[in-house]
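>
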Amino acid sequence: MINVREVTKRFGIGASAVTALETVSLDVPEGSFFTLLGPSGCGKTTLLRLIAGFELPSEGEIALDGQEIGHLPPHKRPVNTVFQNYALFPHMTVARNIGFGLEMLNRPKAEIAAAIDDMLNLVQMGEFASRRVDQLSGGQQQRVALARALAPRPKVLLLDEPLSALDLKLRKGMQSELKRLQSETGITFVFVTHDQGEALAMSDQIAVMSAGRVQQVGTPQQIYTAPQSRFVADFIGDTNIVAADLLGYDGAQARISFFGGEPVLANAASDGLPPGVVYVALRPETLTVCAASNAAAVLRGTVLDSSYFGAGSQMRVRLQNGTEIQVQVAEPSPAGSEIGLIPETSMLHVLAD
Ligand code: ATP
């Protein structure tokens, strides 16, 4: 529904120019919860502001429903934004804040009143309709900001880190609330966050960004279980990244060996890497511990220590070459033990860079 085509955005000119986005292309499906995820400064907000129309691309095109919208000012786009700081009118009541956008559009009074009622129900704030916004808690203000942005029924709602001002417990509650609002309204949400847990929990699709580029787009499961680059593997969850020798390819699978051991097959983001050193992502929960003498062990190492986290323990293990990795187990082995590790081969991924 939203097509971003080779968009580059530069701020400033000459030597002091900053390239915030570099040939970014993305397709956001209609009715989806789509998340832009990446570290601070990677260009997430800039991309959101380009879709909203607050900034214009230096190069490239943005289309909505097949129509180029690059030339339209923000208020002519069927898009609304929820900002980090909510930007509500503190002295106005909840109801007036929610109706404000519709008032600006000169909609009939009866229609505005009906929309306010609908929105108050949707965000479960009916009893607060006549309360001033500055007399609400952070979570309540967040709900009003959402209701105000949803009231004109935009085709697309852009959300720039809308939960960052809330404490952890409220944040978790609002995550499910936002997901519910999105599926009940069917409106396309483009959500910006630097929190990978939040992105995995809420999204239909995630675009992982770094340094002005999109690194990978996929469902939360694809991003988590099949990262394609070192950046994505490292950014999403506790991933071990271990060097291995790429020996060749068996069809789409890579034949690799850790520290000169028996070759194993692994998934590969690309089948075009030359033989030599590659990096492999190993999730801590996909490694099985065996005796160091077991011939099936693909990796061997020494247990350094372990920490209990409720559902199990995380062991820190030093491999033959000194690389430290994390291994998730039900029963940790004592510190100093020599152990073997067998990775779940479907979860082994050779990273493209
Ligand atoms: P954060 O999570 O910290 O908000 P972000 O991923 O949203 O970061 P952006 O705000 O999009 O990142 O910024 C991307 C890059 O562009 C940064 O290097 C930033 O300093 C730069 N930038 C953004 N807006 C401007 C501007 N108006 N003028 C100059 N540089 C800018």
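Residue numbers (full-length UniProt numbering): 1 to 353. Think of the CB as a built atom: it goes at the ideal place given N, C-alpha and C, for glycine as much as any other residue. These figures come from a predicted structure and were not determined experimentally.
Got a sec? Which residues, its chain only, sit under 6 Å from Pro162 by beta carbon, not counting five neighbours each side?
The answer, listed in chain order, is Val82.
> Taking only beta-carbon positions, decide if Asn240 is within less than 8 Å of chain C.
Of the protein chains in the structure, only one exists, and it is not chain C.
> Which value, in whole angstroms, describes the spacing of the CA atoms of Leu122 and Val94?
In a straight line, the C-alpha of Leu122 is about 14 Å away from that of Val94.
> CA-CA distance, Pro332 and Arg318?
Looking at the two C-alpha atoms, the distance is approximately 14 Å.
> Does Ser32 come out as helix, strand or coil in the three-state DSSP assignment?
Reduced to three states, the DSSP call for Ser32 is coil.
> What are the start and end residues of the alpha helix (DSSP H) that includes Asn121?
109 to 122 is the span of the alpha helix (DSSP H), which, as asked, contains Asn121.
> Return yes when the C-beta of Phe191 is under 7 Å from any heavy atom of the ligand ATP, and no when it is not.
Result no, Cβ not under 7 Å from the ligand ATP.
> Could you tell me the distance, in whole angstroms, from the CA atom of Gly237 to the CA atom of Ser307?
Using only the alpha carbons, I get a separation of about 17 Å.
> Can you confirm whether the segment 115 to 129 touches the segment 67 to 78 when touching is taken to mean that 3 or more C-beta pairs between the two stretches lie within less than 8 Å?
No: fewer than three Cβ pairs fall under 8 Å.
> For Leu21 and Leu48, which I take to be in contact (beta-carbon distance under 8 Å), what is that distance rounded to the nearest angstrom?
About 11 Å separates the two Cβ atoms, so there is no contact after all.
> Report the partner residues of Lys9 according to the DSSP bridge assignment.
Its beta-bridge partners are Leu21.
> Please classify Tyr86: does DSSP put it in a helix, a strand, or coil?
Coil.
> Among Gln216, Gly12, Gln228, Ala145, whose alpha-carbon lies nearest the alpha-carbon of Leu37?
Nearest of Gln216, Gly12, Gln228, Ala145 to Leu37, Cα basis: Gln216.
> Let me know the secondary structure DSSP gives Val298 once reduced to three states.
In the structure shown, Val298 sits in coil (DSSP, three-state: anything other than H, G, I, E or B).
> Nearest to Val192 by alpha carbon, out of Arg10, Cys42, Glu30?
Per the Cα distances, Cys42.
> Per DSSP, which one or two residues make a beta bridge with Ile223?
Note: Ile223 sits in no beta bridge, so no partner.
> Does the Cβ-Cβ distance between Val79 and Leu50 come in under 8 Å?
No, they are not a contact pair.
> So, Ser32 versus Asp234, is the Cβ gap smaller than 8 Å?
In this structure, Asp234 does not lie closer than 8 Å to Ser32 by Cβ.
> Who are the near neighbours of Phe128 in its chain, counting only those whose CB is closer than 6 Å to its CB and skipping five residues on each side?
If we look at Phe128 and ignore the five residues flanking it on each side, its Cβ neighbours are Val94.
> What residue ranges within the segment 223 to 306 form continuous alpha helix (DSSP H) runs of no fewer than 4 residues, ordered along the chain?
For the segment 223 to 306, whole alpha helix (DSSP H) runs of length 4 or above, ordered along the chain, are 230 to 235.
> Relative to the ligand COA, is the shortest distance from any of its heavy atoms to the C-beta of Phe54 smaller than 7 Å?
This structure simply doesn't include the ligand COA; it includes the ligand ATP instead.
> Classify His349 as helix, strand or coil using the three-state DSSP reduction.
Strand at His349.
> Hey, would you say Leu247 sits closer than 8 Å to Ser257, going by beta carbons?
Contact: yes.
> May I ask you to list the residues that DSSP assigns as paired with Arg132?
Thr93, per the DSSP bridge assignment.
> Taking 7 Å as the limit between beta carbons, can you name the residues of its chain near Thr225, skipping five residues before and five after?
Excluding positions up to five away in sequence, the list reads Met347.
> Could you check what DSSP says for Ser210 in three-state terms: helix, strand or coil?
Note: Ser210 maps to strand in three-state DSSP.
> Determine the closest residue to Ile13 out of Gly53, Thr45, Ser58, Val24, with distance taken between C-alpha atoms.
Here the closest residue by C-alpha is Ser58.
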